Amino acid sequence: MGALAVIALIGRMVVMFALLYLVPIAFAVFEHDAAEKPFLLSGAATLTVGLAMSLATRRFRRELQPRDGFLLVGLTWAVLPVFGALPLWLAVPGLSLTDAYFEATSAFTATGATAITGLDRLPLSVNVWRCFMMFVGGLGIIALAVAILPVLGVGGSQLFKAETAGPMKDQKFTPRIADTARAIWVTYGTLAMACMLAYRAAGMSWVDAFLHMCTTVSLGGFSRYDASFGHWNSPQVEAVAIVFMLLAGVNLVLYFVAWRARSLAVLWRNAEVQAFVGALAGSIALISGYLWLNGAYAGYPEALRHTAFHVVSIATTTGYAAYDYAQWPLFAPLLMILLGCFVTCAGSTGGGIKMVRMLLLLQQSRRELARIIHPSAVMPVVLGGMAVSERVMSSVIAFMMMYGATLVSLTMLLLFSGLDVVTAFTAVIACVNNIGPGLGEVGPAVNYGSLSDFQTWVCSLAMLLGRLELLSVLVLLTPTFWRR
Amino acid sequence: MKVLILGAGRVGESVAESLVSERNDITVIDTDPARLRALQERLDLRGVAGNGIQPSVLRDAGAEDADMLIACAPQDETNLVACKVAHEVFNIPTTIARLRSPEFDHEGSELLSKKGFAVDHVIHPEQSVTAYIRKLIEYPEALQVLEFAHGLVSLIAVRAVAGGPLVRHSLAEIPQLVPGAEMRIVAIYRQDKVVPRLDGATRIEPGDEVFVLAATEHIRAVLGALRKMDRPVKRIMVAGGGRVGLRLAREVASQYRVKIIEQQRARCEYLATQLPADVLVLQGDSTDEDLLGDENVQDMDLFLALTSDDEDNIMACLLAKRLGARRVLAVINRQAYADLVQGTQIDIAISPSHAVIGELLTHVRRGDVEAVHSLRRGAAEALEGIVRGDAKTCRMAGRRIDEIGLPEGAQVGALVRGLHLADGSEVEPEFAKPRVIIAHHDTVVQPHDHVIVFVPRRRMVREVEKLFQVSATFMF
Numbered sequence: 038m039g040a041l042a043v044i045a046l047i048g049r050m051v052v053m054f055a056l057l058y059l060v061p062i063a064f065a066v067f068e069h070d071a072a073e074k075p076f077l078l079s080g081a082a083t084l085t086v087g088l089a090m091s092l093a094t095r096r097f098r099r100e101l102q103p104r105d106g107f108l109l110v111g112l113t114w115a116v117l118p119v120f121g122a123l124p125l126w127l128a129v130p131g132l133s134l135t136d137a138y139f140e141a142t143s144a145f146t147a148t149g150a151t152a153i154t155g156l157d158r159l160p161l162s163v164n165v166w167r168c169f170m171m172f173v174g175g176l177g178i179i180a181l182a183v184a185i186l187p188v189l190g191v192g193g194s195q196l197f198k199a200e201t202a203g204p205m206k207d208q209k210f211t212p213r214i215a216d217t218a219r220a221i222w223v224t225y226g227t228l229a230m231a232c233m234l235a236y237r238a239a240g241m242s243w244v245d246a247f248l249h250m251c252t253t254v255s256l257g258g259f260s261r262y263d264a265s266f267g268h269w270n271s272p273q274v275e276a277v278a279i280v281f282m283l284l285a286g287v288n289l290v291l292y293f294v295a296w297r298a299r300s301l302a303v304l305w306r307n308a309e310v311q312a313f314v315g316a317l318a319g320s321i322a323l324i325s326g327y328l329w330l331n332g333a334y335a336g337y338p339e340a341l342r343h344t345a346f347h348v349v350s351i352a353t354t355t356g357y358a359a360y361d362y363a364q365w366p367l368f369a370p371l372l373m374i375l376l377g378c379f380v381t382c383a384g385s386t387g388g389g390i391k392m393v394r395m396l397l398l399l400q401q402s403r404r405e406l407a408r409i410i411h412p413s414a415v416m417p418v419v420l421g422g423m424a425v426s427e428r429v430m431s432s433v434i435a436f437m438m439m440y441g442a443t444l445v446s447l448t449m450l451l452l453f454s455g456l457d458v459v460t461a462f463t464a465v466i467a468c469v470n471n472i473g474p475g476l477g478e479v480g481p482a483v484n485y486g487s488l489s490d491f492q493t494w495v496c497s498l499a500m501l502l503g504r505l506e507l508l509s510v511l512v513l514l515t516p517t518f519w520r521r
Numbered sequence: 011m012k013v014l015i016l017g018a019g020r021v022g023e024s025v026a027e028s029l030v031s032e033r034n035d036i037t038v039i040d041t042d043p044a045r046l047r048a049l050q051e052r053l054d055l056r057g058v059a060g061n062g063i064q065p066s067v068l069r070d071a072g073a074e075d076a077d078m079l080i081a082c083a084p085q086d087e088t089n090l091v092a093c094k095v096a097h098e099v100f101n102i103p104t105t106i107a108r109l110r111s112p113e114f115d116h117e118g119s120e121l122l123s124k125k126g127f128a129v130d131h132v133i134h135p136e137q138s139v140t141a142y143i144r145k146l147i148e149y150p151e152a153l154q155v156l157e158f159a160h161g162l163v164s165l166i167a168v169r170a171v172a173g174g175p176l177v178r179h180s181l182a183e184i185p186q187l188v189p190g191a192e193m194r195i196v197a198i199y200r201q202d203k204v205v206p207r208l209d210g211a212t213r214i215e216p217g218d219e220v221f222v223l224a225a226t227e228h229i230r231a232v233l234g235a236l237r238k239m240d241r242p243v244k245r246i247m248v249a250g251g252g253r254v255g256l257r258l259a260r261e262v263a264s265q266y267r268v269k270i271i272e273q274q275r276a277r278c279e280y281l282a283t284q285l286p287a288d289v290l291v292l293q294g295d296s297t298d299e300d301l302l303g304d305e306n307v308q309d310m311d312l313f314l315a316l317t318s319d320d321e322d323n324i325m326a327c328l329l330a331k332r333l334g335a336r337r338v339l340a341v342i343n344r345q346a347y348a349d350l351v352q353g354t355q356i357d358i359a360i361s362p363s364h365a366v367i368g369e370l371l372t373h374v375r376r377g378d379v380e381a382v383h384s385l386r387r388g389a390a391e392a393l394e395g396i397v398r399g400d401a402k403t404c405r406m407a408g409r410r411i412d413e414i415g416l417p418e419g420a421q422v423g424a425l426v427r428g429l430h431l432a433d434g435s436e437v438e439p440e441f442a443k444p445r446v447i448i449a450h451h452d453t454v455v456q457p458h459d460h461v462i463v464f465v466p467r468r469r470m471v472r473e474v475e476k477l478f479q480v481s482a483t484f485m486f
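Protein chains in written order, with this note's numbering: chain A, 38 to 521; chain B, 11 to 486.
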């Protein structure tokens, strides 16, 4: 029975997840805050359930088959937020289970959409939990499991593939998948450490630096404060945030490769990185000029500062706000959200379509046009000096189709439930691409708390679909998957 | 000289042919006995069947007292190993390997040093052919342009066409008609026969194939003097995406609009990944008139047929010419075909093996020979030698050109002075102020000059070589 073998492994994942509770528990005990009991309770509950699951199905444990991998990844990502939501539900007064699950999913998928108002008044450990889940989820819980748990075996690379973002997942950078996962986690950890120190140097307290580091390098976007980065209103803090959001928006594997080659050329010669930086720089120039000419800001430097922060924040799917950019003329925030759909690189912690897919599609369109004039021309899509196979191209096109279909159907669901067009559309885009804030009722100045339960569940689903890049989840819905 | 040649392929065969005619003892090693038999019947050499990397086979071929190994098997690895074995086991003094991959000498000379694969000289046939063709793209009016002395001097072969200022004029009139561009006409071929005894009264007739030595910066002036200049090349169509096609397309892609036609789908895809995006890779048959028409062959300044199939190249060129391509070039391996088509509808027939021979002969020639180019399909030769020694030890140094005693018909065309210090060591390129001296009968050759000699007949080469040799016992 494949399903039971999967449950056995999920049990192990839950046990591993229970260990993550140590972090908020430590904060809660140290601070003696109101959330001490909920955390201990939830941690114990999670550990018990996890152990029970893995013990009960011990006999069915076996090597995973590829199809089990998808089931495992899908289920893990759906189930773990339940456990993550537990302490939030217990510790935050007035938070419904729906909203707690939403909040946990948002943290876990590094989206950054929140349903909680009054973040400043929450016990510290609750904020630690929100941010820390984001840190772990940002890179991927399966990647963590592959890196530290030897149990996943050969199937690990399957799992890893199902969770990693990007169209070409067959490149291995080390012979063993566990080493790859470990290398990526080390890179991520190094980046996080640098980010925390930089925040501290820019003027944050140690705790704030830790919390915001967690949500910056994961490109999540949770903050400890309702005002988000408006709390500091400091150009230095924003500059640090911009730098680390940009760094985290690049394929993390590239840092590893660059380090191994002892050369930064790997980074700036990479077509995807060039496009990533180019698109952001161009958009910042465009929007800041537009806002300045529109009179939204008196001086250009001020326009540039706010534009740079928000464009990078939204486009890299982080979603911090320092200012209510919904007040800007609609063109600017809408462009930022659309950028968020595709700007980040594959293999980064960002969400969305990923820049590499856009590059491939652009080339594909160009070659279709050229083929009209030169019917015999051979023009493979080329990326980094290698021809991209037709299989990858068709999977990219299929992805785009499903992406479009997902956006439309989820938007229709929200419209059906009574939301207005702007809110429904931007909420779906912001959730599927793991950006966070949308516009209208879910804009930067308000939050997802105002949505009905049904709408909140739709948004939670959207976040999961987006984080696992649709295919890994949608494959579970096909009859072929279940046919033995 | 006793020479072992490994591999009886195209390169091996033409190397053998070229060296046999110079009275060398040639032994060819190849795995295919039939091929060796054919070669043995045609040329005066010995064939040994077997795998040339095995010491026993090499010994059988006489490696123990061989002077030179030329490894030109199809695989780089065979050639590398053969050189290593030749050096380690038989201590053959000179080893030459043909290598297709440029990476071995890029990785630093260590890999090919005596400690490594022990390759003394590397020849790159594809590179030579590519360089040959590139010159013709740069100077489309020329039949061939060859460089000497680090590119300072060029030998230009060009067909005189009525309308050029020098045509129907005598050689004595050159300085008046083309002032400012000093040149020396070293040979004229009329109806494929060399014109004997060039002097001031010799006239250049339309249709003559003229060989001119001049400083490289004057190439255009020389060409313009012998024929009307065409407009420069902008659009190139290459038929055949093999090694040469790919190399050429990659090198010229930034300066010209290049279209490349290749028959195999997989190769096309490889080409497309290797070439910049503005090179158009087309899959199809280069002899397909619809394809050529659709891709506007009539607008091409140059059509190059570079496939490995002679017949295809000829047909593609004829077709392209008929459809309106301005100038067509075909790579033709078979000597008979090349003689047949040169100067007909096909403007230039390139024989790849002869592009390589020059490279190889440089290492075979005695004396301090810097460069050798084989001309007119091996009938003639141009060589650049460095004058070592002084008036006492060398027959060239310190003498006027008309005193040297060159064989009849051989001509000193140009000298390059200033590339060496007084002790003979080479000057750092950035400090060198070399001077190109177009030779006259009274020009005096000095020690350390680079002398470029045109030899109209191969059998004279031996004598010319001797002129460059330094001998302690030489007394005039």
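By construction, the Cβ of each residue, glycine as well, lies at the ideal position given by its N, Cα and C atoms. Note that the structure is a prediction, hence the values are computed from the model and not measured.
Legend entry - Chain-order list of residues whose beta-carbon lies under 6 Å from that of Leu341 of chain A (same chain, five-residue window excluded): Within the same chain, Leu341 of chain A has close Cβ partners Ser325.
Inset, instruction - Just the C-alpha distance for Val163 of chain B and His430 of chain B, rounded to the nearest angstrom, thanks. - result: Using only the alpha carbons, I get a separation of about 16 Å.
Legend entry - Span of the beta strand (DSSP E), counted from its first residue to its last, around Gln401 of chain A: Careful: Gln401 of chain A lies outside any beta strand (DSSP E), inside the alpha helix (DSSP H) at Met392 to Ile410.
Legend entry - Interface flag, His411 of chain A vs chain B, CB-CB below 8 Å: At least one C-beta of chain B is nearer than 8 Å to the C-beta of His411 of chain A.
Legend entry - Residues of its chain near Phe64 of chain A, where Cβ-Cβ distance is below 7 Å and the 5 sequence neighbours each way are ignored: Answer for Phe64 of chain A: Leu161, Ser162 and Val165, listed in chain order.
Inset, instruction - For Asp511 of chain A, name the three-state secondary structure that DSSP assigns. - result: The sequence given here places Leu at residue 511 of chain A; Asp does not occur at that position. In the structure shown, Leu511 of chain A falls within a helical segment according to DSSP collapsed to helix, strand and coil.
Legend entry - Below-8 Å beta-carbon distance, Pro417 of chain A vs any chain B residue: Judged by the 8 Å Cβ criterion, Pro417 of chain A is in contact with chain B.
Legend entry - chain A residues whose Cβ lies nearer than 7 Å to that of Gly303 of chain B: Identification of chain A residues near Gly303 of chain B by a Cβ-Cβ cut-off of 7 Å yields none; the smallest Cβ-Cβ distance measures about 12 Å.
Inset, instruction - Would you mind telling me which residues of chain B sit closer than 8 Å to Ala345 of chain A, beta carbon to beta carbon, in chain order? - result: Neighbours of Ala345 of chain A in chain B, taken as residues at a C-beta separation under 8 Å, are lacking, since the least C-beta distance is about 32 Å.
Inset, instruction - Starting from Leu393 of chain B, follow its DSSP beta bridges and name the residues at the other end. - result: When DSSP reads this structure, Leu393 of chain B sits in a beta bridge with B:Val382 and B:Val463.
Inset, instruction - Using alpha carbons as the reference points, say which of B:Ser111, B:Ala182, B:Glu436 and B:His383 lies closest to Ser363 of chain B. - result: Minimum Cα distance to Ser363 of chain B is reached at B:His383.
Inset, instruction - Give the range of the beta strand (DSSP E) segment to which Ile271 of chain B is assigned. - result: According to the DSSP assignment, Ile271 of chain B belongs to the beta strand (DSSP E) that extends over Arg267 to Glu272.
Inset, instruction - Rank A:Ser487, A:Thr146 and A:Gly106 by C-alpha distance to the C-alpha of Gly388 of chain A and give the top, closest one. - result: The shortest C-alpha separation from Gly388 of chain A is found at A:Thr146.
Legend entry - Sufficient close CB pairs (3 or more, under 8 Å) joining the region 387-405 of chain A to the region 427-435 of chain A: With a cut-off of 8 Å, the region 427-435 of chain A and the region 387-405 of chain A count as touching, because enough Cβ pairs lie within range.
Legend entry - Of the listed residues B:Ala81, B:Pro65, B:Leu90 and B:Leu350, nearest to Met100 of chain B (C-alpha basis): Before going further, note that residue 100 of chain B is Phe rather than Met in the sequence given. Nearest option by C-alpha distance: B:Pro65.
Legend entry - Extent of the continuous beta strand (DSSP E) run through His131 of chain B: Start and end: His131 to Ile133.
Legend entry - Stretch pair the region 153-169 of chain B + the region 207-227 of chain B: three plus CB contacts closer than 8 Å: Contact between the region 153-169 of chain B and the region 207-227 of chain B is present, because at least three Cβ pairs lie under 8 Å.
Inset, instruction - Go ahead and label Ile198 of chain B buried or exposed: buried means 16 or more other beta carbons lie within 10 angstroms of its beta carbon, across all protein chains shown. - result: That one is buried.
Legend entry - C-beta neighbour in chain A for Glu157 of chain B, strict 8 Å: Proximity of Glu157 of chain B to chain A, defined by a Cβ-Cβ separation below 8 Å, is not satisfied.
Inset, instruction - Let me know the secondary structure DSSP gives Val183 of chain A once reduced to three states. - result: Here Val183 of chain A sits in helix by DSSP.
Inset, instruction - Let me know if Arg504 of chain A comes out buried or exposed under the rule of 16 or more other beta-carbons within 10 Å of its beta-carbon. - result: By the neighbour-count rule (16 or more Cβ atoms within 10 Å), Arg504 of chain A is buried.
Legend entry - Between the CA atoms of Cys93 of chain B and Phe379 of chain A - distance to the nearest angstrom: Their Cα atoms are separated by approximately 55 Å.
Legend entry - Chain-ordered neighbours of Cys93 of chain B on chain A, where CB pairs are closer than 9 Å: The premise fails here: Cys93 of chain B is roughly 32 Å from chain A at the closest Cβ pair, so nothing lies under 9 Å.
Inset, instruction - Determine whether the Cβ of Glu279 of chain B lies closer than 8 Å to any Cβ atom of chain A. - result: Yes, its Cβ sits closer than 8 Å to a Cβ of chain A.
Legend entry - Chain-ordered neighbours of Gln201 of chain B on chain A, where CB pairs are closer than 9 Å: Neighbours of Gln201 of chain B on chain A: none; closest Cβ ~42 Å, over 9 Å.
Inset, instruction - Counting only the same chain and skipping the five closest in sequence on each side, list residues whose C-beta sits under 7 Å from that of Leu127 of chain A. - result: These residues qualify, in order along the chain: Pro75, Leu78 and Ser79.
Inset, instruction - Would you check if there are 3 or more beta carbon pairs closer than 8 Å linking the region 449-458 of chain B to the region 199-218 of chain B? - result: Output reads no: the region 199-218 of chain B does not touch the region 449-458 of chain B.
Legend entry - Proximity of Thr354 of chain B and Gly252 of chain B at Cβ, strictly below 8 Å: Result no, Cβ atoms of Thr354 of chain B and Gly252 of chain B do not sit closer than 8 Å.
Inset, instruction - Please list the residues of the region 283-308 of chain B that have a C-beta atom closer than 8 Å to any C-beta atom in chain A, keeping them in chain order. - result: Close to chain A, meaning a Cβ-Cβ distance shorter than 8 Å, are the following residues of the region 283-308 of chain B: Thr283, Gln284, Ala287, Leu290, Val291, Leu292, Gln293, Gly294, Leu301, Asp304 and Glu305.
Inset, instruction - Find the nearest neighbour of Gly149 of chain A within the set A:Glu73, A:Val60 and A:Asp263, judged by alpha-carbon distance. - result: Distance check between Gly149 of chain A and each of A:Glu73, A:Val60 and A:Asp263 places A:Asp263 closest, using alpha-carbon atoms only.
Legend entry - DSSP three-state assignment for Glu51 of chain B, whether helix, strand or coil: Here Glu51 of chain B sits in helix by DSSP.
Inset, instruction - Could you tell me the boundaries of the beta strand (DSSP E) in which Phe313 of chain B lies? - result: Residues Leu312 to Ala315.
Legend entry - Touching by the beta-carbon criterion (3+ pairs, under 8 Å), the region 294-303 of chain B and the region 257-265 of chain B: With the cut-off at 8 Å, the region 294-303 of chain B and the region 257-265 of chain B do not touch.
Inset, instruction - Check the Cβ-Cβ distances between Met423 of chain A and every residue of chain B, and say whether any is below 8 Å. - result: Closer than 8 Å to some Cβ of chain B, the Cβ of Met423 of chain A qualifies, so yes.
Inset, instruction - Examine chain B for any beta-carbon lying closer than 8 Å to the beta-carbon of Ala414 of chain A, and answer yes or no. - result: So, interface residue.
Inset, instruction - Could you tell me which residues DSSP puts in a beta bridge with Val341 of chain B? - result: Beta-bridge annotation (DSSP): Val341 of chain B is paired with B:Ile360.
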